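Reading through the structure tokens given below for one structure.
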Amino acid sequence: MADSTSQSRSRDLDKLLLRPGNLVGSTFEPGTQLREDIKEIVRVLVIGAGGLGCELLKDLAFSGFRNLEVIDMDRIEVTNLNRQFLFRLGDVGKPKAEVAAKRVMERVSGVDIKPHFCRIEDKPISFYNDFSIIVLGLDSVEARSYINSVACSFLEYDSDDNPREETIKPMVDGGTEGFKGHARIIMPGVTPCFECTIWLFPPQVKFPLCTLAETPRTAAHCIEYAHLIKWDEVHSGKTFDPDYPEHMQWVYSEAVKRAELFGIPGVTYSLTQGVVKNIIPAIASTNAIISAVCSLETLKIVSGCSKTLTNYLTYNGVEGLHTKVTEFVRDKDCIVCGPGVLIELEVSITLKKFIDLLEDHPKLLLTRVSVTYRGDNLYMQAPPVLEEMTRSNLDLPLFELMSKTPTDIVHVTGAAGKGDKKQSCSRKLRVVFKGVGVTDMDMAGGA
Amino acid sequence: MIRLFKVKEKQREEAENANGKPTVKKQSAGELRLHKDISELNLPKTCSISFPNGKDDLMNFEVTIRPDEGYYMGGTFTFSFSISPMYPHEAPKVKCKTKVYHPNIDLEGNVCLNILREDWKPVLNINTIIYGLYHLFTEPNHEDPLNHEAAAVLRDNPKLFESNVRRALHGGYVGQTYFTRCM
Chain U
1 MADSTSQSRS
11 RDLDKLLLRP
21 GNLVGSTFEP
31 GTQLREDIKE
41 IVRVLVIGAG
51 GLGCELLKDL
61 AFSGFRNLEV
71 IDMDRIEVTN
81 LNRQFLFRLG
91 DVGKPKAEVA
101 AKRVMERVSG
111 VDIKPHFCRI
121 EDKPISFYND
131 FSIIVLGLDS
141 VEARSYINSV
151 ACSFLEYDSD
161 DNPREETIKP
171 MVDGGTEGFK
181 GHARIIMPGV
191 TPCFECTIWL
201 FPPQVKFPLC
211 TLAETPRTAA
221 HCIEYAHLIK
231 WDEVHSGKTF
241 DPDYPEHMQW
251 VYSEAVKRAE
261 LFGIPGVTYS
271 LTQGVVKNII
281 PAIASTNAII
291 SAVCSLETLK
301 IVSGCSKTLT
311 NYLTYNGVEG
321 LHTKVTEFVR
331 DKDCIVCGPG
341 VLIELEVSIT
351 LKKFIDLLED
361 HPKLLLTRVS
371 VTYRGDNLYM
381 QAPPVLEEMT
391 RSNLDLPLFE
401 LMSKTPTDIV
411 HVTGAAGKGD
421 KKQSCSRKLR
431 VVFKGVGVTD
441 MDMAGGA
Chain E
1 MIRLFKVKEK
11 QREEAENANG
21 KPTVKKQSAG
31 ELRLHKDISE
41 LNLPKTCSIS
51 FPNGKDDLMN
61 FEVTIRPDEG
71 YYMGGTFTFS
81 FSISPMYPHE
91 APKVKCKTKV
101 YHPNIDLEGN
111 VCLNILREDW
121 KPVLNINTII
131 YGLYHLFTEP
141 NHEDPLNHEA
151 AAVLRDNPKL
161 FESNVRRALH
171 GGYVGQTYFT
181 RCM
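Top to bottom, those sequences are chains U and E. Here the first sequence is numbered in the UniProt record's numbering, starting from 1 and rising by one per residue. Here the second sequence is numbered in the UniProt record's numbering, starting from 1 and rising by one per residue.
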């Protein structure tokens, strides 16, 4: 018999998980078993323990998830305390992941949160494969792109180019900037991945260097002058590190001098930090709203208790409130999540023969081909200096060049199409060598 | 997806007993895009490229420009390129390694070229930048000054600018600044 507190704790969740409904996902199986499975089997990784991460950990813990892990490389700063509500003044200087995990575990009995105080790149790729679902509370395009490429690297396709369901690593991505935010779900192979829609991110505002050097008009111009031009002039060879207070202080004092020279008001230490680190003021309630959406979508994906968001929600609270869901589409040629072109080869084929074969392949018709495999540039048709360095590979068997890997991804670039319709392109190839190491299981279609 | 997670959990336990796949080097989308840019480079005779770290590091390279016309004819100028994994979302970082008397390049090697900063777009590529850099030597421009004095001389006294450039190229002082020979 469950005691009454644990029953009351899952009361609201039970309304979603124990009853059938008309709007549920196709595989939904309501019942107490589902509730227990969410506790026992599902492993959720939260990336980031900052403004969104604190909210996410709390929301997920209250949504019935028991096995959580969180990864964050940062330590707590005083300026975090207004919104990163799991942290107290006495925590300043401690790793965010460790304090966040501890605080949520203190409040929500039964939940187990394992913190990782490190960079996302420090973990082996296999670390990420151990989770059922990955929830992202990040603030950079670069980190999202990295996690996306890791999650997509687990994806496999069957011989009909359909994603193999058991290799899909779902992601839920949240992001906020001031009063604006987004939440999206990424099911690699099914919905667009991060790279399919990279154009959604606006480019960073960058001032022309000559404006900074010659005609500064704003406080930000003075700060960027000190940061980008003056720093190198004075500290030759030493790299500026925005996380060193002395460095930031130096840039600030130089910016003040510059501003005085041009009669520009408004240079402050916090503006200096803001401009140099590209900080946009964070709003606690935007984080709360976006986190709530992300947590609910995580529950929906895992349990099937309702259809999921398709597939990108934007929230804008700048003037009034506007929110909208957009269904973005996949880039079918995406080199990160796309199936690529399946090519079966004899182990004896040389790189040269392989390149010739791509020219006649009906799905490729590629000429002027360059080939790269896991960071090894096997052949570069240009520039001449690289062509010369890679030419000797042409007569070697591709199988040897790929360290005798029976099946793997190879990337090629070249000109596709025929006649005057030629177009330069990048293609992903799923190379399979015939008769080596491939078992019936590997060749089977989606389970 | 919970049924799938159950299956996977079982597989995970089994896999832990066996040996996991060794982790292998991955290429970022930025590296792949750069691979395409580099393999399609079509440089004029006046420009050449080299890869100090060998054929497998395309993210760091050097471009040498030898202008065959204009003020800087006969000079040799080397630029270092450093490409971020977020390329082409982020522009390459380019610095001039040769100390040069030029209105749009300062003595630290910072370059004022619009497509390197405010006008960078992901549809541009490495070839575009190299042509842009070459253009700086054939058409130095006093309206975007990074070297304030050189820009003023170019604007007010092109003849003097020309002789200053020659002096710098041959190695010598222009004002207080010494330039190493780069012919």
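Yeah, the Cβ is synthetic: ideal placement off N, Cα and C, and Gly gets one too. Just so you know, these numbers come straight off a predicted model, no measurement behind them.
By how many angstroms is the C-alpha of residue j removed from the C-alpha of residue i?
i: Thr-413/U; j: His-35/E; result: 8 Å
i: Tyr-157/U; j: Leu-429/U; result: 12 Å
i: Arg-66/E; j: Val-276/U; result: 36 Å
i: Gly-53/U; j: Val-46/U; result: 7 Å
i: Gln-33/U; j: Glu-40/U; result: 10 Å
i: Lys-21/E; j: Gly-435/U; result: The predicted model places Lys-21/E with a pLDDT of 46, which falls under 50 and marks its position as unreliable; any figure quoted below should be read in that light. Taking the straight line joining both Cα atoms gives about 20 Å.
i: Ile-152/E; j: Phe-161/E; result: Checking the sequence shown, residue 152/E turns out to be Ala, not Ile. Their backbone Cα atoms lie some 9 Å apart in a straight line.
i: Asp-395/U; j: Leu-124/E; result: 34 Å
i: Thr-23/E; j: Leu-299/U; result: With a pLDDT of only 46 at Thr-23/E, under 50, the local geometry of the prediction cannot be trusted, and the value read off the model is given with reservation. Approximately 30 Å between the Cα atoms of the pair.
i: Leu-13/U; j: Gln-381/U; result: 59 Å
i: Leu-23/U; j: Ser-306/U; result: 6 Å
i: Leu-138/U; j: Gly-175/U; result: 7 Å
i: Ser-270/U; j: Gly-320/U; result: 28 Å
i: Met-171/U; j: Lys-102/U; result: 24 Å
i: Gln-84/U; j: Ser-285/U; result: 11 Å
i: Thr-350/U; j: Ile-115/E; result: 41 Å
i: Phe-354/U; j: Gly-340/U; result: 16 Å
i: Ser-159/U; j: Tyr-131/E; result: 44 Å
i: Pro-406/U; j: Thr-27/U; result: 35 Å
i: residue 448/U; j: Ser-28/E; result: Residue 448/U lies beyond the range of chain U shown here (1 to 447); nothing can be said about it.
Classify residue i as helix, strand or coil using the three-state DSSP reduction.
i: Arg-117/E; result: coil
i: Lys-94/U; result: coil
i: His-361/U; result: coil
i: Gly-137/U; result: strand
i: Thr-64/E; result: strand
i: Lys-10/E; result: helix
i: Gly-20/E; result: Here Gly-20/E scores only 42 on pLDDT, less than 50, and its place in the model should not be relied on; the value that follows carries that caveat. Coil at Gly-20/E, not helix or strand.
i: Ile-71/U; result: strand
i: Phe-262/U; result: helix
i: Ala-49/U; result: coil
i: Ile-343/U; result: strand
i: Leu-429/U; result: strand
i: Asn-22/U; result: coil
i: Phe-240/U; result: coil
i: Asn-316/U; result: strand
i: Ile-335/U; result: coil
i: Lys-421/U; result: helix
i: Asp-112/U; result: strand
i: Arg-181/E; result: coil
i: Arg-144/U; result: helix
i: His-322/U; result: strand
i: Val-44/U; result: strand
So which residues of chain E does residue i contact, with C-beta pairs closer than 9 Å?
i: Pro-170/U; result: Met-1
i: Phe-207/U; result: Arg-117, Glu-118
Using a Cβ cut-off of 7 Å, pull out every chain U residue sitting near residue i, in sequence order please.
i: Arg-12/E; result: Asp-130
i: Met-86/E; result: Val-141, Glu-142, Ser-145
i: Leu-43/E; result: Pro-383
For a contact defined as C-beta to C-beta under 8 Å, what are the partners of residue i on chain E?
i: Asp-41/U; result: It should be noted that the sequence gives Ile, not Asp, for residue 41/U. The contacting residues are Ile-2, Phe-5, Lys-6, Glu-9.
i: Val-385/U; result: Ser-48, Ile-49, Ser-50, Phe-51
i: Val-302/U; result: Met-1, Ile-2, Phe-5
i: Ser-426/U; result: Leu-32, Arg-33, His-35, Lys-36
What is the C-beta distance between residue i and residue j, in whole angstroms, given that I count them as a contact (C-beta under 8 Å)?
i: Val-42/U; j: Ser-132/U; result: 5 Å
i: Glu-195/U; j: Asn-148/U; result: 6 Å
i: Glu-108/E; j: Asp-232/U; result: 5 Å
i: Val-92/U; j: Glu-77/U; result: 7 Å
i: Pro-103/E; j: Pro-145/E; result: 5 Å
i: Asp-2/E; j: Asp-37/U; result: It should be pointed out that residue 2/E corresponds to Ile in this sequence rather than to Asp. Confirmed, about 5 Å.
i: Phe-201/U; j: Asn-316/U; result: Their Cβ separation, rounded to whole angstroms, is 16 Å, which puts Phe-201/U and Asn-316/U out of contact at 8 Å.
i: Ile-185/U; j: Leu-309/U; result: 6 Å
i: Arg-97/U; j: Ile-71/U; result: Sequence inspection shows Ala at residue 97/U; the Arg mentioned does not correspond to that position. The pair is a contact, with the Cβ atoms about 6 Å apart (cut-off 8 Å).
For residue i, return the contacting residues in chain U, with the cut-off set at a CB-CB distance below 8 Å.
i: Gln-27/E; result: Thr-372, Arg-374, Gly-375, His-411
Counting only Cβ pairs nearer than 7 Å, list the residues of chain E close to residue i.
i: Gln-381/U; result: Ser-39
i: Ile-335/U; result: Ala-29, Leu-32
i: Phe-201/U; result: His-89
Problem set entry | Segments assigned alpha helix (DSSP H), at least 4 residues, entirely inside the region 160–227 of chain U | 209–214, 219–224
Problem set entry | Complete alpha helix (DSSP H) runs within the region 264–314 of chain U (minimum length 4 residues, chain order) | 269–277, 284–303
Exercise. What runs of the alpha helix (DSSP H), each 4 residues or longer, lie entirely inside the region 350–413 of chain U?
Worked result: 351–360, 384–390, 398–401
Problem set entry | Every unbroken beta strand (DSSP E) inside the UniProt domain "UBC core" (29–174) of chain E [3 residues or more] | 47–50, 60–65, 77–82, 93–96, 172–174
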